[in-house]
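According to our numbering, the residues represented by the sequence shown are -7 to 322, in order.
For glycine and all other residues, C-beta sits at the position ideal for the given N, C-alpha and C.
All figures in this text were calculated on a predicted structure; none of them were measured in a lab.
Read through the structure below, which is laid out as C-alpha cells, and then see the notes.
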Amino acid sequence: MNLYFPVLQLRRLRFHCQSLDALRLPYFSGSAWRGLLGHSLRRSVCVTRAPHCDGCLLRGQCVYSRFFETPPLSPEMSLRYNALPHPFVLEPPPAGARDHAPGDPLSLGITLIGPRQDIPAYLIHAMQRAGERGLGRTDGRFQLLEVTQERTPGSGDWQCIFNAANGQLIPLETSPPPAPPPRPEPLEFELLTPLRIKRGGQYVSQHQLDSRALLGSLIARIALLQELYPDPSEGTKLSLPDMDHLKQAVDQVRIEHHELEWVDWTRWSSRQATHMQLGGLLGSLRLTGQGLDQLWPLIVLGQWVHLGKQSSFGLGCYRVKTASVSEETG
C-alpha cells in the first residue's frame, strides 16, 4: 500500500504568562486571544498606518498580512477559495477557565505552519504589547514570562527558547512530525474544541456527521496547507495527495459510535461590530474500517493543524487515543 505522508514544517510554541490584574476570559478564549494578538502584531509592524490591508503596496511582504490575512498565491486560487487557512492555529486554555487573579499563570499555545524562521520574534514582541493592552472583558493586563517550543510535534518534550528576564531568543529548527505510531483499532477521536464543518452550505450536526464530512474536511485542509506553505527542503516538486484514492479510503471508514453534542458560544467581532454565533461539535467518536490504514498519517498530523472552520481561533482541535501521542494540547 502506498501511503501519502504530507510534508509540513510545524513549530509548536507555548507562551507562558502571568496575570497582573484580575482577568476574566470568555468561555472559549481563542477568539479573544486571536483578536488581541492580531491587533498587537499589526500595531507593531504596519508602516503605512492605513486602516485596512486591501490595496496596500506592502501586503505581499508584510508579516501581519501574511499571518492574519493570508493572500492567495494566484488569481486562480482567489477564485477557488473565499478564504485561505492561516499559517497558524491557536491552542488556548481549556474552555471554562475564565477567572484569573493577579499573579495567576496564563498560557497560550500556537502552532506555526510553514518554514518561516522569523515569526516567533514578531509574535513575542506582539504578545508583550498585548499584555500591556489587556485581555478579556476587563482588559486585564498580563506579562510574558517565557516561551517554550516542543522539539517535535506530539513528543511532549518542551524547551525554553525565550526568557523575558534576559530577552534572548534561541528558537529550535522547525521539523515535520515524526512517523505516526501504530494505528489503534478501533480509532478513538476526542474533540477538544468545537468542530465546525460545512456541507451544502449548512453546518453538520452530530446526527449528520459521517466519515466523508469529517475526514474529507481533514484531507482538503492538509492538502491546501501543503500547497500554501510547502517545505523548501522538498525542492520545487510538490507532493499532493491522490484525492480519488483518498476518497475511496474515506468511503471505507464509518463512525461506529459517537457521544457528541452541539455547543453554542458567542464571540464579538470588532471588524463587523456584531456578536457572532460559533457553535460546534464536542465529545468523542469511534472510527473503524479498512480505509483508516491509508488515512492514518493525515489523522495524526491533523491533531496539530486542526480541522474545520475557524481553526485559527483554536477550533477543531482533536486528539486520537494512542499510547505514543502526547496528551498535552499545547
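Where residue i and residue j are concerned, what is the direct C-alpha to C-alpha distance, given to the nearest angstrom?
i	j	result
Asp355	Gly88	The requested residue 355 is not part of the displayed model; the chain covers only -7 to 322.
Trp296	Gly192	27 angstroms
Pro97	Gln10	5 angstroms
Pro169	Asp46	35 angstroms
Ser316	Pro112	In this prediction, Ser316 has a pLDDT of 46, which is less than 50 and means its spatial position is unreliable; what the coordinates show is noted afterwards. When rounded, the distance between both Cα atoms is 28 angstroms.
Pro145	Pro173	13 angstroms
Gly132	Ile116	18 angstroms
Gly281	Arg125	50 angstroms
Met235	Arg204	13 angstroms
Arg175	Gly275	21 angstroms
Pro64	Arg72	10 angstroms
Gln269	Ala42	29 angstroms
Cys152	Leu5	10 angstroms
Arg188	Asp202	13 angstroms
Gly123	Val55	20 angstroms
Assuming residue i contacts residue j under a Cβ cut-off of 8 angstroms, what Cβ separation, rounded to an integer in Å, is found between them?
i	j	result
Ser80	Ser304	Note that residue 80 corresponds to Phe in the displayed sequence, not to Ser. At roughly 6 angstroms, the Cβ-Cβ gap stays under 8 angstroms, so Phe80 and Ser304 are in contact.
Ser99	Phe7	6 angstroms
Val242	Leu287	7 angstroms
Leu252	Gln198	4 angstroms
Arg121	Ser57	At roughly 18 angstroms, the Cβ-Cβ gap does not stay under 8 angstroms, so Arg121 and Ser57 are not in contact.
Leu33	Tyr114	6 angstroms
Is residue i near the ligand FAD, with its Cβ less than 7 angstroms from a heavy atom?
i	result
Gly308	The ligand FAD is not part of the structure shown, which contains no ligands of any sort.
Which term fits residue i, buried or exposed, when burial requires 16 or more other beta carbons within 10 angstroms of its beta carbon?
i	result
Thr40	exposed
Gly272	buried
Ile211	buried
Gly22	buried
Ser70	exposed
Gly306	buried
Thr228	Caution applies to Thr228, whose pLDDT of 43 falls short of 50 and renders its modelled position unreliable; the value that the coordinates give is listed next. So Thr228 ends up on the exposed side.
Leu82	buried
Ile162	exposed
His78	buried
Gln302	buried
His249	exposed
Arg129	exposed
Gln218	buried
Ser66	exposed
Which one of the options has the shortest CA to CA distance from residue i?
i	options	result
Gln1	Gln200, Glu253, Gly106	Gly106
Leu323	Ile247, Phe59, Ser36	Outside the shown range of the chain (-7 to 322) lies residue 323, about which nothing can therefore be said.
Gln109	Asn158, Glu165, Ala122	Glu165
Ala93	Thr185, Leu127, Ile102, Ala215	Leu127
Pro86	Gly101, Ser66, Arg278, Arg129	Gly101
Thr185	Val312, Arg3, Gly308, Phe59	Gly308
Leu179	Val37, Leu277, Gln240	Leu277
Gly148	Leu299, Gly300, Arg3	Arg3
Val245	Pro224, Ile291, Tyr195, Phe134	Ile291
Val196	Gly300, Leu284, Leu216, Pro222	Gly300
Phe59	Gly123, His44, Leu104	Leu104
Asp285	Glu68, Arg311, Glu177, Leu17	Glu177
contact_flag[the stretch 133 to 140, the stretch 39 to 59] where n(CB pairs < 8 angstroms) is 3 or more: no
Stretch-stretch touch, CB-based, cutoff 8 angstroms, three pairs: the stretch 27 to 37 with the stretch 11 to 18: no
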